[in-house]
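Residue numbers (UniProt numbering), protein chains in the order written: chain G, 1 to 168; chain S, 1 to 653.
Here you go:
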C-alpha cells in the first residue's frame, strides 16, 4: 500500500514536471487512498441494518448514565431552550453544527432517532457511553474515532440543551 | 579542605556512624536485613497516592518542584521566577508581566525557601511562598491551581536570602537581605562599606482572604549579612529571628574577613511592636521603585504595577523592638521549635549548636542584661539568653527541623549527616550519614507548631556516585529517612531538580481534595477569549493581527488563515474549550521566537508570532490530546508585505 502510494506520488510528480511549469489543474489529490475509508470502517452496530449509526432510529435505548427517565412537556419551554442554545454555543458548537455533519453529527432531528435520556446521557457521560452503549460505540467509529468530549455540563444545563434540540 | 579531612578522620575514632558509611563511600553500607521492609515503606503501588506533598525549591532553576513522599516521585515543576517554555510561562503575553522588575524583564532567578501559609501556627495549605534570591522578589503560589499568582519585588534588598518565611497566621511573609547595600542605592566607594551600608528586613503583609502582598514596612538594620530567619510561634508569636554573619562589615574576601568575630548575632525583632509603631504613623516614607505583579485567574492575565514608595523604620525609633543575641561562629540556620521557646542558631564554622531560650531572652530584656550595643541596638548577654548547647561532634551544622515529639534534627554539611537530638536535655539520640554534604532538611510541617514527624528529607548539595553518571553536571540528591522510631532509618534516594535549598511538606489530604481540575469557560473573562466556536475570528488592526482561536479535540477553529503579511505582528489568542480534567491542548507555530503554549481547559493564552518569510506555515497541537491528535493542525498563509489579500479564516470549508 505504502509502496504503491509512494510510487504513484513519484509518477505524479514526474507528470507534473513534464507539464513544463504549467500548473496541472485537472487532477487534484489522489484516488488511491479513497479506499481507506471504506475498508477500514468497522462494521456498523450489531442488530442494525445497513444504515449508519447516525441514521439508526432507536427510541427505546436510554443509554448509560445518570438519566433514567425524562418526561417532556407537550410545549417547548422557550426560556429553557434559549438558555440551552447559549450553552450549546459555548460548549458544543465547536464539534456539532446545526444542519451539517461536522466533527460529530448534527443535533437537528436527533430526537426523532434517540430517546431524550440517551441524548442527555451522551452529553453527561460520554466516556462510558462510547464504551458501553452500542449506538454510541458505532457513532464513534462512524465519526472517525473523534471522541465526544465531556464538557462537564450540569444535569440542568444538559436538560436545557435538550430543550434547545426540540426547537431545531 | 585538608583541615576538614583531618577533623573527619578524628571523628572516625569516636562516631560509630562513620564505620559503615564514611564520606565518599558508596551507600551500600546502608543495605542490610531491613532493606526489604524499607522498600515497602517507600513503595507506592501503581495508581496509589503518596501520603505527603513535598515542595522543593528549584534553586538556580528559579522554580518550584512538587514531589510525593515517601515515593520521591516528581509531579510537577511550577514556573515561578524563570521562563518556562513547557507551558509558555514568561513567554505568553499573559504571563510576561509576572517577570517584570525595576531592572526590566528578568527571566530567571535563584529560588530558595518555600514556606506554606499557616493559621494558628499550623499549615493551612492555601498558598506557598518562595523567594527569588538574585533580583529580590517574593512569589505567592496558589495551592489550588499550583500556579504562581503574585510576585512582589523587594526594594533596598540584595541577595534576598533570609526569606520567605511566614508568621503564625500568615500576617506577614518576611524577606531579609543577605547583602547589605547603600540605602538608598548610590554611587560610593565599596571600601566605605563599614557604617554606610545597611540591611533591610521587609515585612510583607498578606491579605487574609486572597493573599495579596504589600510591603508594610522595612526595618533598616546595620550593614550585616542577614542569612536565615524564622518566626516565633506560640508564646514567641510576634517575634521574628534572623541569623547574621559578617558583623565585621567586610566588603572583600568575606571568606576570611567575615569569620573574624567569635560571635555574630541572631537579631530578634518584635514585629508586633514595629507594626504598632507604623500603625500609629511611625516610620519614614522613602522613594523607591519596585514591581508588583499579580495574576488574575478570571482573565488568565497578569498585570505589573510599579510602586514608588516604601515605608522604612529605623530600629532606634522603636525602643524595645530589636535586640541582638550573640551566637557563635557565623550562624546560618535559624530555627524555632514547635513550642516557640527555643531559638536554634547553627554556627556553620562550629561543631556545636547554640540554643537560645525565649523566656531567658525576655527576662534578659526586662533585666536590661546588656553586653553593649551595635549601632544603638542592645546586645543581650550570651550567657543570659543561652538555654543550652548540643555537643554533637558533627561539623558544619546548618539547619534544624522538629518532629513534634520533643526531638530536633540538625544537618551537618561538612560531616554529611543528620543528627537527632532531644530538646531540653540536648543529648544526641541518633545520627545518620547523608550522601553527600547536606544543606537543608525537611519534615512536613517541621517548622510550625504542628509537625508531621514521620519522614525527614535530607537535601544534599553533592551527588557524586549516587546514580548512574551523566557527565559532569548532575541533579542534586535527596534522601528520605523514616523517623517514626527512636533511630532514623534511611529509606531511599531520589534526584531533585535544580538545586533544592529548603523544601516544605504537607499531608496530601490537606491539598489533594481542593486541587483544581479545570477552569470554567463561563468564568473566563480574558478580553481575547473565544468562548464559543462562533466567536472565532481574525481581526487586523494595522500591522497587528489578532487571531481568536479555539481548541477542542481535535481541531483548531479556525484552522486556515489567509491575509497575514510579512512584517505583521500576529497574536494567537488560544482558548481551550474543553471542560474536562486533564485535557490540555498545546499550540506551536513554525519559526516562533517565543515558545509553545500549553492551554488548560477553559483557559486563554496568547503568543506573538512575527512571520518573516512568505509562505504557507503550519501550526499544530503539541499535547497528545486524542486519537486524532496528529490531525490537529492548521495553516497560515503569509503573503508579501505589499500584497492586498484580505484577512480571511475558515474551518472545514
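Virtual Cβ for every residue (Gly too), placed ideally from N, Cα, C. Keep in mind that this is a model prediction, so the values were computed, not measured.
Are residue 331 of chain S and residue 320 of chain S touching if we call contact CB-CB under 8 Å? no
Output the boundary residues of the beta strand (DSSP E) element that contains residue 286 of chain S. 284-296
Sort out for me which residues DSSP pairs residue 76 of chain S with in a bridge. S:66
Closest by CA to residue 154 of chain G, which one among G:98, G:79, G:134, G:124? Closest by C-alpha distance to residue 154 of chain G, out of G:98, G:79, G:134, G:124, is G:124.
Does the distance from the C-beta atom of residue 439 of chain S to that of residue 413 of chain S stay below 8 Å? yes
C-beta contact flag for residue 122 of chain G and residue 148 of chain G at 8 Å: yes
Taking the beta strand (DSSP E) that residue 166 of chain G falls in, what are its first and last residues? Annotation: residue 166 of chain G is outside any beta strand (DSSP E); the continuous alpha helix (DSSP H) that includes it extends over 155-167.
Taking Cβ positions only, does residue 598 of chain S come closer than 8 Å to chain G? no
List, from N- to C-terminal side, the alpha helix (DSSP H) runs of 4 residues or more that fit wholly inside the segment 492-561 of chain S. 508-511
Beta-carbon proximity list for residue 564 of chain S, same chain, < 8 Å, skipping 5 on both sides: Counting only Cβ-Cβ distances below 8 Å, and skipping sequence neighbours, we find 545, 570, 611, 636, 637, 638, 639, 647.
Going along chain A in order, which residues have a C-beta closer than 8 Å to the C-beta of residue 534 of chain S? The structure shown contains no chain A; its protein chains are G and S.
Through-space distance from residue 174 of chain S to residue 92 of chain S, alpha-carbon basis: 30 Å
Output yes or no for whether 8 Å exceeds the beta carbon distance between residue 120 of chain S and residue 178 of chain S. no
Check the Cβ of residue 531 of chain S against every Cβ in chain G and list those closer than 7 Å, keeping chain order. 90
For residue 581 of chain S, which residues in the same chain have their Cβ closer than 7 Å to its Cβ, ignoring the five residues on either side in sequence? Correct list, in chain order: 517, 518.
For residue 119 of chain G, name the three-state secondary structure that DSSP assigns. Note: residue 119 of chain G maps to helix in three-state DSSP.
Name the chain G residues that come within less than 8 Å of residue 557 of chain S, Cβ to Cβ? Scanning chain G for C-beta atoms nearer than 8 Å to the C-beta of residue 557 of chain S yields 94, reported in chain order.
Check whether the segment 487-497 of chain S touches the segment 65-79 of chain S, taking contact to mean three or more Cβ pairs, one atom from each stretch, closer than 8 Å. yes
Sequence-distant residues of the same chain with beta carbon closer than 6 Å to residue 84 of chain G, five excluded per side: 160, 161, 163, 164
Listed by chain order, chain G residues near residue 628 of chain S by CB distance under 8 Å: 144, 145, 146, listed in chain order.
Could you give the distance in angstroms between the alpha-carbon of residue 286 of chain S and the alpha-carbon of residue 452 of chain S? 43 Å
Straight-line gap, residue 45 of chain S to residue 609 of chain S (C-alpha atoms, nearest Å): Answer to the nearest angstrom: the Cα atoms are 45 Å apart.
Please name the residue in S:144, S:417, S:443 whose C-alpha comes closest to that of residue 432 of chain S. S:417
Excluding the 5 residues flanking residue 454 of chain S on each side, which residues of the same chain have their C-beta closer than 6 Å to its C-beta? 484
Evaluate contact between the segment 361-378 of chain S and the segment 331-342 of chain S, counting only Cβ atoms and requiring at least three cross-stretch pairs below 8 Å. no
Cβ shell of residue 135 of chain G (< 7 Å), same chain only, five flanking positions each side left out: 45, 53, 56, 58, 61
Extent of the continuous alpha helix (DSSP H) to which residue 113 of chain G belongs: 110-113
Flag this pair as yes or no: are the beta carbons of residue 338 of chain S and residue 450 of chain S separated by less than 8 Å? yes
Is the number of C-beta pairs between the segment 102-115 of chain S and the segment 422-437 of chain S that are closer than 8 Å three or more? no
Is residue 161 of chain S helix, strand or coil by DSSP? coil
Please confirm if the segment 578-595 of chain S is in contact with the segment 619-630 of chain S, defined as three or more CB-CB distances below 8 Å between the two stretches. Cβ pair count under 8 Å is three or more, so yes.
Around the C-beta of residue 204 of chain S, are 16 or more other C-beta atoms found within 10 angstroms, so that it is buried, or is it exposed? buried
Listing by chain order, which chain G residues have their CB less than 7 Å from the CB of residue 577 of chain S? 94
I'd like the ranges of any beta strand (DSSP E) spanning at least 3 consecutive residues and lying wholly in the segment 211-248 of chain S. Listed in chain order, they are 213-222, 225-231, 239-245.
DSSP state of residue 97 of chain S mapped onto helix, strand, coil: helix
Quick one: any contact between the segment 183-202 of chain S and the segment 293-309 of chain S, if contact means 3 or more CB pairs under 8 Å? no
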